[in-house]
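S.K.: First the structure, which I've put down as structure tokens, then a few questions once you've had a look.
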Amino acid sequence: MITPPPAVLTHRHMEALLEFLQGAGVDAFLDLDPVDRFAQSEQDARRAPMPPAGPRTPMGQTGHQFGHQTAPQVAALSGRGTGQGTPPPLNLPSLTASPAAPMAPASGPGPGQAVIPGEEAVRSAREAARSAATLEELKACLAAFRGCNLQLTAKSLVFSDGNPAARLMFVGEAPGSEEDATGVPFVGRSGKLLDRMLGAIGLDRTSVYIANVVPWRPPGNRTPTPQETEICRPFIARQIELVDPDVLVFLGAASAKALTGATDGIRKMRGRWMQYDTGRRKIRALATYHPAYLLRSPLEKRLAWRDFLTLRQVVAGDNHPVE
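Each residue of the sequence shown is one higher than the last, beginning at 1 in full-length UniProt numbering.
Following this line, the structure appears as structure tokens:
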């Protein structure tokens, strides 16, 4: 049996409605009252004036249609009635091709211009990431980068949070609506759960470093496409290299697959130690459940708790924690 909506919305109902709208990607209102745009379009079409009709011939056809010329037009084309035996020359456009103008050299996309997410965008991302010698330079490179279309719809560049000198670095997939509004990763419901999980093992954001594979929010909180992930991957790889943590923690399967090439699901990957190669050294890496998944599947928190206990052993100085 379907429960009818309440006659009066309580504070709890309003919070639930706002949470639903945020999850659907609605982050702004256009008017105080709803407007039926379809009905408005129909009314505008009915009010629009009809286009003027051309002159009509006795046969019911407009005089300018080809094959139904008026008498003076036929006489002009045939030469009859002009006193000449041959028709006058027609003023037709020349069929001789004019030399093409030289093409202007192609330039990179400017602000607000979409790009094709191809190999050229990936190559541009690699070059920009390699040019950054510090985290500040890397953030500036990302802000100036024009090879990812996600920046056209995102409000903020969500670069990082926490301590760049921390031994632990957490990497998620992409920011959500709350992160896009603030420019800080993991500040929504999943971020609050992550803070509680860190607090349970004696850590907080001053003792860890947090980032995402994709630093811009995809529209509607959708999953980033493989092309978007590939374009952003050089930047997070350079970010990891510059932070140089002792332990890398993948929050969810998406970040683990993007950075290690793993193909297993998170159920098989979680709790197992891996290695992430920066090119200079290999960093120990551990995958665990994403906090957003734990909010949907609270029974899995017990397994995530095991992973965080393992991290606590590492922080405490045990180089061989129980897996």
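Ideal Cβ positions, reconstructed from N, Cα and C, are used throughout, including at glycine.
In this text, all values refer to a predicted model and were calculated from it rather than measured experimentally.
(1) List the residues that DSSP assigns as beta-bridge partners of glutamine 275.
(2) Give a single yes or no on whether arginine 272 has its beta carbon closer than 7 Å to a heavy atom of the ligand GTP.
(3) Which stretch, first to last residue, makes up the beta strand (DSSP E) that contains alanine 211?
(4) Taking 8 Å as the cut-off, does the region 250-258 touch the region 160-177 (at least 3 CB pairs, one atom from each stretch)?
(5) On the criterion of 16 or more Cβ atoms from any shown chain inside 10 Å, does methionine 197 qualify as buried, or is it exposed?
(6) With the cut-off set at 8 Å, would you say valine 158 and proline 185 are in Cβ contact?
(7) Taking only the alpha-carbon atoms, compute the straight-line gap between leucine 311 and serine 190 and give it to the nearest angstrom.
(8) If we call anything under 8 Å between Cβ atoms a contact, is alanine 133 one with cysteine 141?
(9) Across which residues does DSSP place aspartate 161 in a beta bridge pair?
(10) Around the C-beta of aspartate 246, are 16 or more other C-beta atoms found within 10 angstroms, so that it is buried, or is it exposed?
(11) Taking a contact to mean a Cβ-Cβ separation below 8 Å, would you say valine 243 touches proline 175 in this structure?
(12) CA-CA distance, threonine 206 and arginine 167?
(13) Quick one: Cα of glycine 108 to Cα of proline 117, how far?
(14) Contact between the region 260-272 and the region 231-241: three or more CB pairs below 8 Å?
(15) Would you kindly report the start and end of the unbroken beta strand (DSSP E) that includes leucine 9?
(16) How far does the beta strand (DSSP E) with phenylalanine 250 in it reach, from first residue to last?
(17) Could you tell me whether the Cβ atoms of isoleucine 210 and serine 131 are closer together than 8 Å?
(18) Check whether the Cβ atoms of threonine 278 and valine 249 sit closer than 8 Å, and answer yes or no.
(19) Thinking C-beta only, is proline 218 closer than 8 Å to leucine 309?
(20) Report yes if the C-beta distance between isoleucine 231 and glycine 147 is below 8 Å; otherwise report no.
M.R.: To lay it out plainly:
(1) Position 275 of the sequence shown holds residue 275. Answer is Arg284.
(2) This structure lacks the ligand GTP; in fact it carries no ligand of any kind.
(3) Working through the sequence shown from its first residue, we reach residue 211 at position 211. 208-212 is the extent of the beta strand (DSSP E) around alanine 211.
(4) yes
(5) Mapped onto the sequence shown, residue 197 falls at position 197. Buried.
(6) For this step, residue 158 is matched to residue 158 along the sequence shown. For this step, residue 185 is matched to residue 185 along the sequence shown. Yes, the Cβ-Cβ distance between valine 158 and proline 185 is below 8 Å.
(7) For this step, residue 311 is matched to residue 311 along the sequence shown. For this step, residue 190 is matched to residue 190 along the sequence shown. Roughly 19 Å between the two C-alpha positions.
(8) For this step, residue 133 is matched to residue 133 along the sequence shown. For this step, residue 141 is matched to residue 141 along the sequence shown. Contact: no.
(9) Walking along the sequence shown from the start, residue 161 turns up at place 161. Beta-bridge pairing links aspartate 161 to Ile210.
(10) Within the sequence shown, numbered from 1, the residue matching residue 246 stands at position 246. By the neighbour-count rule (16 or more Cβ atoms within 10 Å), aspartate 246 is not buried but exposed.
(11) Here residue 243 is taken as the residue at index 243 of the sequence shown, counted from 1. Here residue 175 is taken as the residue at index 175 of the sequence shown, counted from 1. In this structure, proline 175 does not lie closer than 8 Å to valine 243 by Cβ.
(12) Counting from 1 along the sequence shown, the entry for residue 206 is found at position 206. Counting from 1 along the sequence shown, the entry for residue 167 is found at position 167. Near 11 Å, if we compare the C-alpha coordinates of arginine 167 and threonine 206.
(13) Reading the sequence shown from its first residue, position 108 is the one you call residue 108. Reading the sequence shown from its first residue, position 117 is the one you call residue 117. Residue confidence for glycine 108 is low, a pLDDT of 48 falling below 50, so the modelled location carries little weight; the figure read from the coordinates is stated next. If you take the alpha carbons of glycine 108 and proline 117, they lie about 13 Å apart.
(14) no
(15) For the purposes of this step, residue 9 is taken as the residue at position 9 of the sequence shown. Looking at the DSSP string, leucine 9 is not in any beta strand (DSSP E), and its letter there is neither H nor E.
(16) Mapped onto the sequence shown, residue 250 falls at position 250. Run containing phenylalanine 250: 247-251, per the beta strand (DSSP E) assignment.
(17) If you number the sequence shown from 1, residue 210 lands on position 210. If you number the sequence shown from 1, residue 131 lands on position 131. The answer is no: Cβ separation not under 8 Å.
(18) In the sequence shown, counting from the first residue as 1, residue 278 sits at position 278. In the sequence shown, counting from the first residue as 1, residue 249 sits at position 249. No, Cβ-Cβ distance for threonine 278 and valine 249 is not below 8 Å.
(19) Counting from one through the sequence shown, the residue named residue 309 turns up at place 309. Counting from one through the sequence shown, the residue named residue 218 turns up at place 218. For leucine 309 and proline 218, no; Cβs fall outside 8 Å.
(20) Counted from its first residue, the sequence shown places residue 231 at position 231. Counted from its first residue, the sequence shown places residue 147 at position 147. Yes, the pair counts as a contact, with Cβ atoms nearer than the cut-off.
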